[in-house]
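Undergrad: Please see the structure below; I have some questions.
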Amino acid sequence: MATAATAVPSAPLKSQYEAHYDPTLILKHPEFKLLSDDAPELQDKNANIACAYNPAHEVHLMNKPRPKVGFGEAVVHVKATGICGSDVHFWKHGAIGPTMIVRDETGAGHESAGEIIEIGEGVKDLKVGDRVAIEAGVPCGQADCDPCRTGRYNACQRVVFFSTPPYHGTLTRFHAHPAAWLHKLPDNVSFEEGSLCEPLAVALAGLERAGTRLGDPVVICGAGPIGLVTLLAAHASGCTPIVITDLVASRLEFAKKLVPTVKTVEIQREWKPEDVAEKIKDAAGTGLKIALECTGFESSIRAAIYSLLFGGKVFVIGVGPTEQSYPFGYCSANEIDLQFQYRYANQYPKAIRLVSGGLINLKPLVTHRFPLEQAVKAFHVAADPKQGAIKVQITD
Ligand SMILES: NC(=O)c1ccc[n+]([C@@H]2O[C@H](COP(=O)([O-])OP(=O)(O)OC[C@H]3O[C@@H](n4cnc5c(N)ncnc54)[C@H](O)[C@@H]3O)[C@@H](O)[C@H]2O)c1
Ligand SMILES: OC[C@H](O)C(O)[C@@H](O)CO
Ligand SMILES: [Zn+2]
Ligand SMILES: [Zn+2]
1 MATAATAVPS APLKSQYEAH YDPTLILKHP EFKLLSDDAP ELQDKNANIA CAYNPAHEVH
61 LMNKPRPKVG FGEAVVHVKA TGICGSDVHF WKHGAIGPTM IVRDETGAGH ESAGEIIEIG
121 EGVKDLKVGD RVAIEAGVPC GQADCDPCRT GRYNACQRVV FFSTPPYHGT LTRFHAHPAA
181 WLHKLPDNVS FEEGSLCEPL AVALAGLERA GTRLGDPVVI CGAGPIGLVT LLAAHASGCT
241 PIVITDLVAS RLEFAKKLVP TVKTVEIQRE WKPEDVAEKI KDAAGTGLKI ALECTGFESS
301 IRAAIYSLLF GGKVFVIGVG PTEQSYPFGY CSANEIDLQF QYRYANQYPK AIRLVSGGLI
361 NLKPLVTHRF PLEQAVKAFH VAADPKQGAI KVQITD
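Numbering (my numbering), first residue to last: 1 to 396.
Right under this line is the structure:
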């Protein structure tokens, strides 16, 4: 497989930033403006409408200049974008961890797919009209970058991850992207499914690094979108039995509809992790080898630790607070491995093959759809637990 280092076009890094990715250039651009509810741009299908959040915890539509295609790039008409929990988190809380901080207007969205409408010089494998999934993280691909050189490009320190501050996201009508990070969609994979390949890529990266195998008994902690795509992927890869936990009954019911054989554990907040672990073990009916942790909460990670056999592995996909504590003595005496996932590398082609080949059906995950002009409404639905949304999609 080609590594990131060979796949990235050889345009100088600085010019890539200058061309499209420097948010200060976009914000200072005369065409950039926030849109009122009656703005004429909302009626104009050529306007590059985007959805943005800011440090005042507002979410609104903005108009961005239409991107010009650069060397090795394509302009994509974005047709479908899913709202990720991190989009909502950036809007509501203004930061994720100590480094990703919303300091200005920041365009949302990194789960997108669309149609190519313009091709830049030097692009050989794609053409106008191609349908593509957008891999939102664009690593530097430079020879002096060890993660890029060795194919673990999710660790690239110079990555431009669209929608993570300071970079605007792909929840916009027109988006210029390096062609090397666009993945062609087969005819039987819809734009919505293409956009859902992003959370699927997270789950696949987790399963790959967790080392799950055919017949492995596993528990998935948390039945949010990430837990649910992890469930679909674990099921497709032959894990059995699969137990899934959540605090919310409706999410477990959703999991059961996706994979009827899954065993569910509805956790009560007052239960101690050791008690949760007993319920998980009871539900499994057999010793568990791997926990795929999809909440990031300490109590859930602790429960996962206690639920496994000697030599088991807790694989943490969830993102939690900067500091947490774990039962060291228990992990040590029971050889429990603890492992983590940060985004993904080399997963999009696999995700697309799995969807196209019929092994993973992502369609049922979409519970709500809104047109681009109503993206703000979509954000409010995604952020309100009472609405029962799993994946909110914005289409154009
Ligand atoms: N590693 C990565 O690269 C990566 C990428 C995307 C998302 N994530 C993280 O994955 C996690 C899940 O994302 P999501 O979009 O599904 O979030 P979500 O908040 O929609 O879902 C989390 C689910 O966990 C449940 N939950 C909370 N506490 C629990 C507990 N103690 N036990 C069992 N279930 C519990 C919630 O009820 C909810 O249904 C988040 O932490 C997110 O930041 C990580
Ligand atoms: O799916 C990718 C994740 O949402 C991102 O890593 C985000 O959480 C921070 O940039
Ligand atoms: Zn995300
Ligand atoms: Zn790099």
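We put the CB at the ideal spot given by N, CA and C, even for glycine.
Along the chain, where does the alpha helix (DSSP H) that runs through V398 open and close?
TA: This structure cannot settle anything about residue 398, because the visible part of the chain is limited to 1 through 396.
Undergrad: Tell me whether T164, by its Cβ, gets closer than 7 Å to a heavy atom of ligand 1.
TA: no
Undergrad: Secondary structure at Y167, three-state DSSP: helix, strand or coil?
TA: coil
Undergrad: Leaving aside the five residues before and after Q16 along the sequence, list all residues of the same chain whose C-beta is less than 6 Å from its C-beta, in chain order.
TA: For Q16, the pLDDT reaches just 45, beneath the cut-off of 50, and the residue's location in the model is therefore unreliable, leaving the point undetermined.
Undergrad: Using the Cβ count rule (16 or more neighbours within 10 Å means buried), how would you classify F310?
TA: The residue is exposed, with fewer than 16 neighbouring Cβ atoms inside 10 Å.
Undergrad: Tell me whether H110, by its Cβ, gets closer than 7 Å to a heavy atom of ligand 3.
TA: H110 has its Cβ nearer than 7 Å to a heavy atom of ligand 3.
Undergrad: Kindly indicate which residue of V243, G169, V202 and E58 has the alpha-carbon position closest to the one of N346.
TA: Residue nearest to N346 within the set V243, G169, V202 and E58 is V202 (criterion: CA-CA distance).
Undergrad: Distance check for I49 and H368, CA to CA, integer angstroms please.
TA: 20 Å
Undergrad: Are A291 and V218 close, meaning C-beta to C-beta below 8 Å?
TA: Cβ distance < 8 Å, so A291 and V218 count as in contact.
Undergrad: Report all residues from its chain with a CB closer than 6 Å to the CB of V159; omit the five preceding and five following residues, and keep chain order.
TA: Taking V159 as the centre and dropping the five residues before and after it, the same chain places the C-beta of G137 and P139 closer than 6 Å to its C-beta, in chain order.
Undergrad: I'd like to know whether the C-beta atoms of I244 and T261 end up nearer to each other than 8 Å.
TA: no
Undergrad: Give me the DSSP bridge partner(s) of K313.
TA: K313 is bridged to I290 and D337.
Undergrad: Please state the DSSP three-state secondary structure of E105.
TA: When DSSP states are grouped into helix, strand and coil, E105 belongs to the coil group.
Undergrad: Between T106 and N54, what straight-line distance do the alpha-carbon atoms span, to the nearest angstrom?
TA: 6 Å
Undergrad: Verify whether the separation of the beta carbon atoms of Q341 and I317 is less than 8 Å.
TA: yes
Undergrad: Taking three-plus beta-carbon pairs below 8 Å as touching, is the region 66-81 in contact with the region 115-128?
TA: Result yes; three or more Cβ-Cβ pairs closer than 8 Å.
Undergrad: How about I394 and L185: are their beta carbons less than 8 Å apart?
TA: Cβ distance not < 8 Å, so I394 and L185 don't count as in contact.
Undergrad: Measure the alpha-carbon distance for V392 versus S86 and round it to whole angstroms.
TA: 13 Å
Undergrad: Could you compute how far the alpha carbon of F254 sits from the alpha carbon of E335?
TA: 34 Å
Undergrad: Tell me which residue opens and which closes the alpha helix (DSSP H) that C197 is part of.
TA: F191 to A210
Undergrad: Report the three-state DSSP secondary structure of Y53 (helix, strand or coil).
TA: strand
Undergrad: From D384 to Q43, what distance separates their C-alpha atoms?
TA: The straight-line gap separating the alpha-carbon atoms of D384 and Q43 is approximately 28 Å.
Undergrad: Going by the C-beta, is R209 closer than 7 Å to any heavy atom of ligand 1?
TA: The answer is no for R209.
Undergrad: Whole angstroms is fine: what's the gap from T170's alpha carbon to G329's?
TA: 45 Å
Undergrad: Cβ-heavy atom distance between R302 and ligand 1 below 7 Å?
TA: no
Undergrad: Measure from the C-beta of H57 to each C-beta in chain C and report whether the shortest distance is under 8 Å.
TA: Any reference to chain C falls outside this structure, which holds one protein chain only.
Undergrad: Is the distance from the Cβ of H57 to the Cβ of G94 below 8 Å?
TA: yes
Undergrad: DSSP beta-bridge partners for T99?
TA: DSSP lists no partner for T99.
Undergrad: Compute the Euclidean distance between the alpha carbons of G388 and F370, then round it to the nearest angstrom.
TA: Each residue's Cα considered, the two are about 15 Å apart.
Undergrad: Can you tell me which of the three DSSP states G85 falls into?
TA: G85 falls in the helix class under three-state DSSP.
Undergrad: Looking only at its own chain, which residues have a Cβ that is under 6 Å from the Cβ of A223, when we skip the five neighbours before and after it?
TA: I244, D246, R251, L252 and A255
Undergrad: When the distance is taken between beta carbons, is E111 closer than 8 Å to E208?
TA: no
Undergrad: Under 6 Å Cβ to Cβ from M1, same chain only, skipping five residues before and after it: list those, please.
TA: Below a pLDDT of 50, predicted positions are generally treated as unreliable, and M1, at 34, falls in that range; the measurement from the model is reported next regardless. For M1, where only same-chain residues beyond five positions count, there are no Cβ hits under 6 Å.
Undergrad: On a Cα-Cα basis, can you pick out the residue from F315, A284, K386 and K68 that is closest to D337?
TA: F315
Undergrad: Measuring only the C-alpha atoms, how far is L365 from L200?
TA: 11 Å
Undergrad: I'd like the list of long-range same chain contacts for K377, defined as Cβ closer than 8 Å, with 5 residues on each side in sequence excluded.
TA: F370
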